[in-house]
Amino acid sequence: MTTVQTKRMTVAQALVEFLARQWTVDGDIRERTIPGVFGIFGHGNVAGIGQALRQANELEPDLMPYYQARNEQAMVHQSVGYARMHRRRATFASAASVGPGAANMLTGAALATSNRMPALLLPSDTFATRVADPVLQQLELPHDIGVQVTDAFRPLSRFFDRVQRSEQLYSIALAAMRVLTDPAETGAVTIALPEDVQAEAFDVPLEFLQEREWHVRRPLPERGPLERAVAAVRAARRPVIVAGGGVIYSGAEDVLRRLVEATGIPVGTSQAGGGSLPWDHPQYLGGIGATGTTAANRLAADADLVIGVGTRYSDFTTASRTVFQDPGVRFVNINVAAFDAYKHGSQLPVVADARETLAALAHELEGHRVAPAYTARIERENREWDTAVDTAFAPSGADRPGQAEIIGAVQGASDPTDVIVQAAGSLPGDLHKLWRVRDPLGYHVEYAFSCMGYEIAGGLGVRRGAPDRDVIVMVGDGSYLMLHTELVTAVAEGLKVIVIIIQNHGYASIGHLSETVGSDRFGTKYRTYDENARNFEGTETLPVDLAANARSYGVDVIEVAPGPKSIEELKSAIATAKASDRSTVIHLESDPLVYAPDGEGWWDVPVAPEAELEVTRSAYRDYLVDKAKQRPLLG
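Per the UniProt record's numbering, the sequence shown starts with residue 1, numbered consecutively.
This is how it looks when you write it as structure tokens:
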């Protein structure tokens, strides 16, 4: 009889050592799946996960490094930023205490799952034994005593389980790793850890603690779906490719480039697909959809075949289903996830890896090329849009430049491998249209969840994942106020990021949208409260000093004063920040009423059909005009 060798450990100690031994293998690349743990300790995890990490640090410092954070939500944002730079092969674990600590991670969980990005969440839970019931920070719902804060992670996670007995750790940990490393299923993975179970001791088989490899699946396209896709491409006169995040995550950008150079098929990108082609590639049309370019949207409007590659077809990518106007348009959807491959009622889904499928298409389409007239139109539309961007980037000499001009200055002062980071407000739309991506990993805009506050924390994750690159975080004042405390983390660890705060005294994005839907910018300005009018619509801006706030955290701060030379001063500030080895915050004021060039995209935000306000009635009339263009696509 074989004796199973074991090691006496706590559940938390076993989990930490298990995670340290997991490896992701993607072709010739092998790296640790979980290179570290972010954690904020409270009574729910200090004796469990906290003790385990302390012990690991003492006995084997490189086993599972621990990193402090200042906000639980931000821990997950850092994990997502890191994961994208590693093309989803690696991510961090995030450990939070019971109750409010766990609840603070819910937004991060939703963000990770929406973006199809791996993130391992380890929220603590109340006593499994209920030996001291109720305990501090327990919900205690009369209709279901067993429901706790961690149950809120269930609909937000691609995998959820709770370790209520120590023996359950084996199957739960292995299942969690399977989902984390599966391209089709990945997202937030949550293991809830009751505070008493974390500290329970049991005999752990050494086999559980051995190194284990998780090979990334790269499924090949099946012959039938591939043949139908090839036939559709050959029959199309005006094909367009929509490149999504799957192109980046599968490392398919080189294969995509070879395919489009051979066939002449143009490419528009979603936010997640930014970087699939360099901005000056002849077949690259720029962003597509609601925040897309005129080049991409005009060609998409006439496309008779849309080839989606690794895209989930959000309403921004499809301009709320108005961007594809050809009556007979068909969709070839290439995606490792069947859920996305079948969208828009596609009868031509290819459920396979993006890189493998594009390589197969390139082989099968050898000798095929779009008509010269179509190539000429691609060139013409690109020239027209490039001219519009050049005009938007040109210095105006205004005291407070518009956002497009600011983006142009940042573009001009940055290097090709720098990473631009953004998430919410008007900046994602302007960057999608205007930013000239020069590197596959140089464009990092979180836009599946578009979470205000992601920017600085996500930027730190990007920097961790790419320590040899400069990371430039662009953030509006509204989003900065949501979650700026991770600047302390940057200082504590010497993580260099460049943060550009664009101060416009309110919500520029929703302010503009508010005008188009008839709400007249109500509630979107940062103004002092008017007691008589009962609103915030006055002219007195708040005396908030965001530069002083940033300076208080210990980062370097450069303030660009309003004036005709503000753009040149911004470029100089970026040069200074890039030459430094410390984090730098650059603060400047903008004019929120100077807009980027229109890309002819639309976004469906319903307008009140009945209203006393003429601005609302007028907005509704305009809404009906745009709504009439919406296609009743299936799926």
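Quick reminder that beta carbons are idealized off the backbone N, C-alpha and C, glycines included.
Residue i - partner residues in DSSP beta bridges
i	result
glycine 268	Val242, Gly286
methionine 105	Answer is none; methionine 105 lacks a bridge partner.
histidine 86	Histidine 86 is not bridged to any residue.
glutamine 422	Val445
leucine 348	Val332
isoleucine 40	Paired residue(s): none; isoleucine 40 is not in a bridge.
arginine 527	Thr541
threonine 10	Ala201
Cβ-based burial, residue i [other Cβ within 10 Å; buried from 16]
i	result
arginine 436	buried
threonine 2	exposed
histidine 143	exposed
leucine 141	exposed
leucine 136	exposed
histidine 363	exposed
residue 675	Given a span of 1 to 635 for the chain in the structure shown, any question on residue 675 remains unanswerable.
glycine 442	buried
arginine 355	buried
leucine 483	buried
leucine 256	buried
asparagine 535	exposed
histidine 444	buried
histidine 86	buried
Between the CA atoms of residue j and residue i - distance to the nearest angstrom
i	j	result
alanine 359	glutamate 261	13 Å
leucine 299	leucine 305	11 Å
glutamate 537	glycine 601	30 Å
phenylalanine 208	tryptophan 23	14 Å
aspartate 196	proline 134	14 Å
phenylalanine 393	glutamate 17	52 Å
residue 664	aspartate 418	Nothing about residue 664 can be read from this structure; the chain reaches only from 1 to 635.
arginine 228	glycine 465	39 Å
valine 567	valine 499	Looking at the sequence provided, one finds isoleucine at residue 567 rather than valine. Near 16 Å, if we compare the C-alpha coordinates of valine 499 and isoleucine 567.
alanine 93	threonine 33	10 Å
glycine 251	glycine 27	11 Å
valine 267	tyrosine 623	29 Å
glutamate 185	arginine 116	8 Å
leucine 561	leucine 139	Reading the sequence as shown, one finds alanine at residue 561 and not leucine. Cα-Cα distance, rounded: 50 Å.
threonine 375	glycine 264	7 Å
threonine 489	valine 544	23 Å
leucine 180	alanine 188	8 Å
glycine 635	arginine 321	Any reading at glycine 635 must be qualified, since the residue scores a pLDDT of 48, below 50, and its modelled position is unreliable; no value is offered.
glycine 289	asparagine 104	33 Å
tryptophan 603	aspartate 315	7 Å
glycine 48	alanine 201	11 Å
serine 396	valine 475	22 Å
valine 491	alanine 533	43 Å
leucine 546	histidine 43	34 Å
Where residue i falls: helix, strand or coil (DSSP)
i	result
glutamate 515	helix
glutamine 51	helix
proline 395	coil
aspartate 390	helix
methionine 64	coil
residue 663	Because residue 663 is not part of the residues shown, which for the chain are 1 to 635, the question remains open.
leucine 542	coil
methionine 177	helix
arginine 355	helix
aspartate 302	helix
threonine 322	coil
asparagine 535	strand
valine 131	coil
isoleucine 501	strand
glutamate 559	strand
leucine 209	helix
valine 370	coil
glycine 635	Residue placement at glycine 635 cannot be trusted, given a pLDDT of 48 that sits under 50; the coordinates are not used to answer.
threonine 294	helix
lysine 433	helix
Residue i Cβ short of 7 Å to the ligand ATP heavy atom set
i	result
phenylalanine 38	Absent from the structure shown: the ligand ATP. Ligands present: none.
Practice item. Examine the Cβ distances between the segment 430-450 and the segment 274-288 and report whether three or more of them are shorter than 8 Å. Key: yes
Cβ contact check for the segment 372-385 and the segment 284-301: 3 or more pairs under 8 Å:
yes
ask   = Are three or more beta carbon pairs between the segment 401-413 and the segment 288-296 nearer than 8 Å?
value = no
### Task
Inspect the CB distances between the segment 547-558 and the segment 527-535 and report whether three or more fall short of 8 Å.
no
Closer than 8 Å is the cut-off here; do at least three beta carbon pairs connect the segment 165-176 with the segment 230-244? no
| query | Pairing CB atoms from the segment 47-55 with CB atoms from the segment 240-257, are three or more of them under 8 Å? | reply | no
Inter-stretch contact at 8 Å, needing at least 3 Cβ pairs: the segment 612-623 / the segment 516-524: yes
Report yes or no: do three or more beta-carbon pairs, one from the segment 55-65 and one from the segment 74-82, lie closer than 8 Å? no
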